[in-house]
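Notes follow once the structure below has been shown.
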Amino acid sequence: MPAMLIADDNRQIVSVLKEYARKGGFDITVAYDGQEALDKAKTMTFDMILLDVMMPGIDGFEVCREIRKQSNVPIIMITARGEDFERIMGLDIGADDYIVKPFSPGEVMARVRAILRRIFQTNDTKAQIFTHENLLVNLDEYITEINGIRIPLTKKETELLWTMGTNKNKVFTRDNLLDNLWGFDYLGDSRTVDSHIKRLRAKLDQVPHGKWEIKTIWGVGYKFEVIT
């Protein structure tokens, strides 16, 4: 039975989500503040985490950052505020999706199922290590290296690099990347892709990498370009 952590200081919301998740076949653990959520995430194994942003003690953003230092468990952030900068920040620090209150519990579970389907599809692929010139991307362990130097990418940044790198010179539209990495049911827009690409480039450019680059194709999208 897959295990889920539900972290929210609103006990009514926790109760409703817990009921829906149990009907969906999950074994549920709950936390009502950030420190409790972080402690449980570090000491227990979960297949999915629903994480409220505004919690007592440690907020959800900081909890997500700390979890990402040791785990790639799927995380859906939940917040009462829907400002773009908060949503983008949550995704940039490693969340897999972002839901704004009030929400339908059925929608939350649909998002959960969509993320888990994508993970299972990824885990079923045979080739999990991509190399080109001095670049190595290990999707099994979410490790990226250039010239043997570890590049600290987030989960989504790694997946972006993997998707484009394993399709050298193929141009991806922003919608292509949203559909491939966030799913057809993701409600965000192309600015999410642009933000991730900008951060990915900044990290990759810290180490000289020679005959390849993440190139913008103006008016279309992006590609992993091999320079001859």
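For the sequence shown, position 45 (counting from the first letter as 1) is numbered 44 according to numbering that gives the first Met the number 0, and the numbering increases by one without interruption.
We put the CB at the ideal spot given by N, CA and C, even for glycine.
These numbers were taken from a predicted model, which means no experiment stands behind them.
Please say whether residue j and residue i have beta carbons closer to each other than 8 Å?
i	j	result
MET76	LEU50	yes
THR78	VAL52	yes
HIS208	ASN133	yes
ASP91	ARG200	no
THR172	VAL219	yes
PRO104	TYR19	yes
LYS167	VAL225	yes
PHE25	ALA2	yes
THR191	LEU177	yes
LEU180	LYS155	yes
Going by other Cβ atoms of all chains shown within 10 Å of its Cβ, with 16 needed for buried, is residue i buried or exposed?
i	result
LYS94	As written in the sequence, residue 94 is Ala, which differs from the Lys given in the question. Counting Cβ neighbours within 10 Å, ALA94 comes out buried, since at least 16 surround it.
ILE48	buried
THR44	exposed
LYS22	exposed
ASP96	buried
ILE228	This structure gives no information on residue 228, because the portion of the chain shown stretches from 0 to 227.
LYS125	Per-residue confidence for LYS125 stands at a pLDDT of 49, beneath the threshold of 50, marking its modelled position as unreliable; no derived number is given.
LYS210	exposed
GLY33	buried
THR143	buried
ARG112	exposed
LYS17	buried
Quick one: Cα of residue i to Cα of residue j, how far?
i	j	result
GLY164	LYS68	24 Å
LYS100	THR162	31 Å
LYS39	ALA30	8 Å
ASP236	ARG80	Residue coverage of the chain in this structure runs from 0 to 227, which leaves residue 236 outside it and unanswerable.
ILE145	ILE57	34 Å
ALA0	PHE223	Correcting the residue type first, residue 0 is Met in the shown sequence and not Ala. Cα to Cα, the separation comes out at about 39 Å.
ASP250	SER70	Residue coverage of the chain in this structure runs from 0 to 227, which leaves residue 250 outside it and unanswerable.
(request) Jot down the residue ranges of each uninterrupted beta strand (DSSP E) in the stretch 86 to 115, minimum 3 residues, whole runs only, in chain order. (result) 96 to 99
(message) In chain order, what are the residue ranges of uninterrupted alpha helix (DSSP H) at least 4 long that sit wholly in the stretch 25 to 49?
(response) 33 to 42
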